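Trainee:
2 protein chains.
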Amino acid sequence: MGRPSARDQVLDAYQEILIADGVAAVTLEAVAARAGVSKGGLLYHFGSKDALLDGLVERLLHLTEADIARAHEAPEGPLRYYLSTSVTDADMGKPAHRATIAALRLLGTDPKISTTMIEIDRRWSELLAAHLKDPAVVQVAALLGDGLYLRATLGEKTPEDFLRRLPDMLEQLDQ
Amino acid sequence: MGRPSARDQVLDAYQEILIADGVAAVTLEAVAARAGVSKGGLLYHFGSKDALLDGLVERLLHLTEADIARAHEAPEGPLRYYLSTSVTDADMGKPAHRATIAALRLLGTDPKISTTMIEIDRRWSELLAAHLKDPAVVQVAALLGDGLYLRATLGEKTPEDFLRRLPDMLEQLDQ
DNA sequence: GTCTATACTAAGATAGAC
DNA sequence: GTCTATCTTAGTATAGAC
Numbered sequence: 010m011g012r013p014s015a016r017d018q019v020l021d022a023y024q025e026i027l028i029a030d031g032v033a034a035v036t037l038e039a040v041a042a043r044a045g046v047s048k049g050g051l052l053y054h055f056g057s058k059d060a061l062l063d064g065l066v067e068r069l070l071h072l073t074e075a076d077i078a079r080a081h082e083a084p085e086g087p088l089r090y091y092l093s094t095s096v097t098d099a100d101m102g103k104p105a106h107r108a109t110i111a112a113l114r115l116l117g118t119d120p121k122i123s124t125t126m127i128e129i130d131r132r133w134s135e136l137l138a139a140h141l142k143d144p145a146v147v148q149v150a151a152l153l154g155d156g157l158y159l160r161a162t163l164g165e166k167t168p169e170d171f172l173r174r175l176p177d178m179l180e181q182l183d184q
Numbered sequence: 010m011g012r013p014s015a016r017d018q019v020l021d022a023y024q025e026i027l028i029a030d031g032v033a034a035v036t037l038e039a040v041a042a043r044a045g046v047s048k049g050g051l052l053y054h055f056g057s058k059d060a061l062l063d064g065l066v067e068r069l070l071h072l073t074e075a076d077i078a079r080a081h082e083a084p085e086g087p088l089r090y091y092l093s094t095s096v097t098d099a100d101m102g103k104p105a106h107r108a109t110i111a112a113l114r115l116l117g118t119d120p121k122i123s124t125t126m127i128e129i130d131r132r133w134s135e136l137l138a139a140h141l142k143d144p145a146v147v148q149v150a151a152l153l154g155d156g157l158y159l160r161a162t163l164g165e166k167t168p169e170d171f172l173r174r175l176p177d178m179l180e181q182l183d184q
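Heads up: the protein sequence lines correspond to chains S and V, in order. The opening position of the first sequence corresponds to residue 10 in my numbering, with each subsequent residue numbered one higher. The opening position of the second sequence corresponds to residue 10 in my numbering, with each subsequent residue numbered one higher.
Below, the structure is given as structure tokens:
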């Protein structure tokens with residue numbers, strides 16, 4: 010693992026401020042402070058605020074790829090993996106999850122966010138399609154994932170017991 | 010109907026810029042220009058940028074209330090009304106819909122947006138709960154609505170034929 | 001109720017030392 | 001690779017005329 014590079018620490022700080030305090034709180038100064046570097050130091054790694062966003066998008070894409078690979082192998086199957094992954098408190102610490110929530114905070118600010126989220130949706134749907142019969146159920150599952158992420162971004166938690174029932178309901182629908 | 014007040018025109022401009030160009034494009038100057046008034050004129054109606062956001066939230070709450078009242082009477086039933094309402098191209102012009110998309114653009118910028126969206130979710134769920142047997146299906150329906158709104162915000166359109174099947178699937182699940 | 005002019009501030013970015 | 005100092009601009013908000 011090794012200790013994180015300064016670059017990664019900056020990206021972490023960016024992400025965490027985004028999640029905790031919202032887009033308005035993300036100033037170069039605040040990010041630098043949280044990462045333990047100066048504004049100049051930060052700008053060495055990311056030449057502009059926009060570069061910071063690009064960095065987050067890139068990270069999100071990588072983490073998602075890794076997550077989908079894991080879903081492929083998951084003993085409980087991709088559907089359960091996908092839906093639980095989205096939101097449980099236990100998973101809130103999951104890197105892919107945090108990066109997604111952070112990115113969603115930037116929704117209105119840059120079109121790159123939208124295209125990235127659409128792309129991620131597409132990849133998960135691809136995986137789900139390979140494991141469900143009915144394409145409509147795939148759509149439902151993907152849509153539910155999106156709903157869960159929106160709620161997580163709103164700070165609303167979805168009841169655990171409902172989350173446990175969810176995959177069963179979808180499988181019933183897939184008959 | 011009467012012609013819209015200057016105040017309303019300002020709010021319209023704010024909303025439309027939000028939807029079309031995102032949060033960064035929303036400057037007092039841009040909003041004023043689009044509303045056909047000067048910066049000073051705008052600030053007479055809304056004393057600050059924050060007041061503009063408050064205005065949108067208030068409008069959204071009113072429109073939602075009216076929409077829910079309509080859903081109550083809808084011949085196709087609240088479930089169908091809720092799900093179609095969310096996203097069809099035909100409904101894109103619907104005031105409640107546009108206000109919602111605009112508000113979602115502001116997600117990361119102010120906690121008021123989150124609390125408002127949660128409140129709106131709650132009200133729709135209340136209505137749906139009165140017309141479905143299984144509380145879990147109510148949750149699913151509400152979550153799907155959220156997912157549809159997130160996708161609309163992303164600019165991704167959901168296939169019409171899938172949308173038509175959706176309520177039937179949920180009713181099947183509710184047996 | 002709306003306009004013009006202007007003050008003020010915050011924040012992004014550059015330059016150059018270390 | 002990181003820091004301090006500084007420049008620059010954009011954008012919010014105020015004041016006061018009409």
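All residues carry an ideal CB built from backbone N, CA and C; glycine is no exception. From a predicted model like this one, the values you see are computed outputs, not experimental measurements.
Between which two residues does the alpha helix (DSSP H) harbouring phenylalanine 171 of chain V extend?
Mentor: For the purposes of this step, residue 171 of chain V is taken as the residue at position 162 of the second sequence. Where phenylalanine 171 of chain V is concerned, the enclosing alpha helix (DSSP H) stretches over 169-182.
Trainee: Mind listing, in chain order, the continuous alpha helix (DSSP H) runs of no fewer than 4 residues lying wholly within the region 88-137 of chain S?
Mentor: Correct list: 104-114.
Trainee: Are the beta-carbon atoms belonging to leucine 69 of chain V and alanine 108 of chain V less than 7 angstroms from one another?
Mentor: Position 60 of the second sequence holds residue 69 of chain V. Position 99 of the second sequence holds residue 108 of chain V. Taking 7 angstroms as the Cβ cut-off, leucine 69 of chain V and alanine 108 of chain V qualify as a contacting pair.
Trainee: State the Cα-Cα distance for the pair aspartate 59 of chain V and leucine 65 of chain V, rounded to the nearest angstrom.
Mentor: Counting from one through the second sequence, the residue named residue 59 of chain V turns up at place 50. Counting from one through the second sequence, the residue named residue 65 of chain V turns up at place 56. For aspartate 59 of chain V and leucine 65 of chain V, the distance between alpha carbons rounds to 10 angstroms.
Trainee: Which residues in the same chain have their Cβ closer than 7 angstroms to the Cβ of leucine 20 of chain V, if we skip the five residues on either side of it in sequence?
Mentor: In the second sequence, counting from the first residue as 1, residue 20 of chain V sits at position 11. So the qualifying residues of the chain are Gly64, Leu65, Arg68.
Trainee: For leucine 141 of chain S versus valine 147 of chain S, is the C-beta spacing smaller than 7 angstroms?
Mentor: One-based indexing of the first sequence puts residue 141 of chain S at position 132. One-based indexing of the first sequence puts residue 147 of chain S at position 138. Yes.
Trainee: Please compile the residues from chain V whose C-beta is within a distance smaller than 7 angstroms of the C-beta of isoleucine 127 of chain S.
Mentor: Along the first sequence, read from residue 1 onward, the residue named residue 127 of chain S stands at position 118. The contacting residues are Leu163, Glu165.
Trainee: According to DSSP, is valine 46 of chain S helix, strand or coil?
Mentor: The count along the first sequence starts at 1 and reaches residue 46 of chain S at position 37. Three-state DSSP puts valine 46 of chain S in coil, outside helix and strand.
Trainee: So, helix, strand or coil for glycine 31 of chain S, using DSSP?
Mentor: Stepping through the first sequence from its first residue, residue 31 of chain S is reached at position 22. Coil.
Trainee: Kindly list, in the order they appear in chain S, the residues whose Cβ is closer than 7 angstroms to that of alanine 33 of chain V.
Mentor: Taking the first residue of the second sequence as 1, we reach residue 33 of chain V at position 24. In chain order: Thr118.
Trainee: For valine 149 of chain S, which residues in chain V fall below 8 angstroms Cβ to Cβ?
Mentor: Position 140 of the first sequence, counting from 1, holds the residue named residue 149 of chain S. By Cβ distance, chain V contributes Leu153, Leu175, Met178.
Trainee: Arginine 68 of chain S versus chain V: which residues are under 9 angstroms apart at the beta carbon?
Mentor: Here residue 68 of chain S corresponds to residue number 59 of the first sequence, with the count starting at 1. Chain V residues near arginine 68 of chain S: none, gap ~18 angstroms exceeds 9 angstroms.
Trainee: Does the contact criterion of 3 or more C-beta pairs under 8 angstroms hold for the region 104-122 of chain V versus the region 111-122 of chain S?
Mentor: Judged by Cβ distances under 8 angstroms, the region 104-122 of chain V makes contact with the region 111-122 of chain S, as three or more pairs qualify.
Trainee: Looking only at its chain, what residues have a beta carbon closer than 7 angstroms to the beta carbon of isoleucine 110 of chain S, apart from the 5 residues adjacent to it on each side?
Mentor: Within the first sequence, residue 110 of chain S is the residue found at index 101, counting from 1. The answer, listed in chain order, is Ile28, Ala161, Thr162.
Trainee: Considering proline 144 of chain V, what are the terminal residues of the alpha helix (DSSP H) in which it resides?
Mentor: Within the second sequence, the letter at position 135 stands for residue 144 of chain V. Per DSSP, proline 144 of chain V belongs to the alpha helix (DSSP H) from 144-163.
Trainee: Output yes or no for whether 7 angstroms exceeds the beta carbon distance between alanine 42 of chain S and leucine 51 of chain S.
Mentor: Walking along the first sequence from the start, residue 42 of chain S turns up at place 33. Walking along the first sequence from the start, residue 51 of chain S turns up at place 42. It is not a contact, given that the beta carbons lie outside the stated cut-off.
Trainee: Cβ closer than 8 angstroms: which chain V residues qualify as neighbours of arginine 114 of chain S?
Mentor: Residue 114 of chain S sits at position 105 when you count from the first residue of the first sequence. The answer, in chain order, is Leu116, Gly117.
Trainee: Can you grab the Cα-Cα spacing for the pair glutamate 38 of chain V / phenylalanine 55 of chain V, in whole Å?
Mentor: Taking the second sequence and counting its residues from 1, the one referred to as residue 38 of chain V is at position 29. Taking the second sequence and counting its residues from 1, the one referred to as residue 55 of chain V is at position 46. Each residue's Cα considered, the two are about 13 angstroms apart.
Trainee: Aspartate 155 of chain V and glycine 156 of chain S look like a contact to me (Cβ under 8 angstroms); what is the Cβ gap, rounded to whole Å?
Mentor: For this step, residue 155 of chain V is matched to residue 146 along the second sequence. For this step, residue 156 of chain S is matched to residue 147 along the first sequence. Right, their Cβ atoms sit about 4 angstroms apart.
Trainee: Of all the options S:Leu88, S:Phe171, S:Ala75, which has the alpha carbon lying nearest to the alpha carbon of valine 149 of chain S?
Mentor: Numbered from its first residue, the first sequence carries residue 149 of chain S at position 140. Measuring from the Cα of valine 149 of chain S, the nearest candidate turns out to be S:Leu88.
Trainee: By the three-class DSSP mapping on this structure, what secondary structure does alanine 80 of chain V have?
Mentor: Mapped onto the second sequence, residue 80 of chain V falls at position 71. Three-state result, alanine 80 of chain V: helix.
Trainee: Please compile the residues from chain S whose C-beta is within a distance smaller than 7 angstroms of the C-beta of phenylalanine 171 of chain V.
Mentor: Here residue 171 of chain V is taken as the residue at index 162 of the second sequence, counted from 1. Residues of chain S passing the Cβ test: Ala145, Gln148.
Trainee: Do you know how far the Cα of alanine 78 of chain S is from the Cα of alanine 138 of chain S?
Mentor: By 1-based counting over the first sequence, the position of residue 138 of chain S is 129. By 1-based counting over the first sequence, the position of residue 78 of chain S is 69. Straight-line Cα distance between these residues: approximately 15 angstroms.
Trainee: May I ask you to report which of helix, strand or coil DSSP gives lysine 166 of chain S?
Mentor: For the purposes of this step, residue 166 of chain S is taken as the residue at position 157 of the first sequence. It is coil, neither helix nor strand.
Trainee: Helix, strand or coil for arginine 68 of chain V, going by three-state DSSP, please let me know.
Mentor: In the second sequence, counting from the first residue as 1, residue 68 of chain V sits at position 59. Reduced to three states, the DSSP call for arginine 68 of chain V is helix.
Trainee: Have a look at isoleucine 122 of chain S and glycine 31 of chain S and give me their C-alpha separation to the nearest angstrom.
Mentor: Here residue 122 of chain S corresponds to residue number 113 of the first sequence, with the count starting at 1. Here residue 31 of chain S corresponds to residue number 22 of the first sequence, with the count starting at 1. In a straight line, the C-alpha of isoleucine 122 of chain S is about 15 angstroms away from that of glycine 31 of chain S.
Trainee: Exposed or buried, alanine 33 of chain V, counting other C-beta atoms within 10 Å across all chains shown (16 or more means buried)?
Mentor: What you label residue 33 of chain V is simply residue 24 of the second sequence in a count that begins at 1. It counts as exposed.
Trainee: Within a Cβ cutoff of 6 angstroms, which residues of the same chain sit near leucine 182 of chain S, ignoring the five residues on either side of it in sequence?
Mentor: For this step, residue 182 of chain S is matched to residue 173 along the first sequence. For leucine 182 of chain S, where only same-chain residues beyond five positions count, the Cβ hits under 6 angstroms are Val146.
Trainee: By a C-beta neighbour count over all protein chains shown, 10 Å radius and 16 as the cutoff for buried, is tyrosine 53 of chain V buried or exposed?
Mentor: Here residue 53 of chain V refers to the residue found at position 44 of the second sequence. The residue in question, tyrosine 53 of chain V, is exposed, as its Cβ has fewer than 16 Cβ neighbours within 10 Å.
Trainee: Answer yes or no: do glutamine 18 of chain V and alanine 44 of chain V have a C-beta to C-beta separation smaller than 7 angstroms?
Mentor: What you label residue 18 of chain V is simply residue 9 of the second sequence in a count that begins at 1. What you label residue 44 of chain V is simply residue 35 of the second sequence in a count that begins at 1. A contact, by the Cβ cut-off of 7 angstroms.
Trainee: Please say whether leucine 92 of chain S and leucine 159 of chain V have beta carbons closer to each other than 7 angstroms?
Mentor: On the second sequence, position 150 is the one that residue 159 of chain V refers to. On the first sequence, position 83 is the one that residue 92 of chain S refers to. Against a cut-off of 7 angstroms, the Cβ pair of leucine 92 of chain S and leucine 159 of chain V comes out as no contact.
Trainee: Could you tell me if proline 176 of chain V is buried or exposed, where buried requires 16 or more neighbouring beta carbons within 10 angstroms of its beta carbon?
Mentor: Position 167 of the second sequence, counted from the first residue, corresponds to residue 176 of chain V. It is buried - the Cβ of proline 176 of chain V has at least 16 other Cβ atoms within 10 Å.
Trainee: In chain order, what residues of the same chain have a beta carbon less than 8 angstroms from the beta carbon of tyrosine 90 of chain V, not counting five sequence neighbours either side?
Mentor: Residue numbering aside, residue 90 of chain V sits at position 81 when the second sequence is read from its first letter. Cβ within range, chain order: Arg79, Ala80, Ala83.
Trainee: So, at 7 angstroms on beta carbons, what are the nonlocal neighbours of serine 134 of chain S in its own chain, with the 5 sequence-adjacent residues on each side left out?
Mentor: Translated into positions along the first sequence, residue 134 of chain S becomes position 125. Closer than 7 angstroms at the Cβ level, and outside the excluded window around serine 134 of chain S, lie Val147, Ala151.
Trainee: Determine, using beta carbons only, whether alanine 105 of chain S and threonine 125 of chain S come nearer to each other than 7 angstroms.
Mentor: For the purposes of this step, residue 105 of chain S is identified with residue 96 of the first sequence, where counting begins at 1. For the purposes of this step, residue 125 of chain S is identified with residue 116 of the first sequence, where counting begins at 1. Going by C-beta atoms, alanine 105 of chain S is not nearer than 7 angstroms to threonine 125 of chain S.
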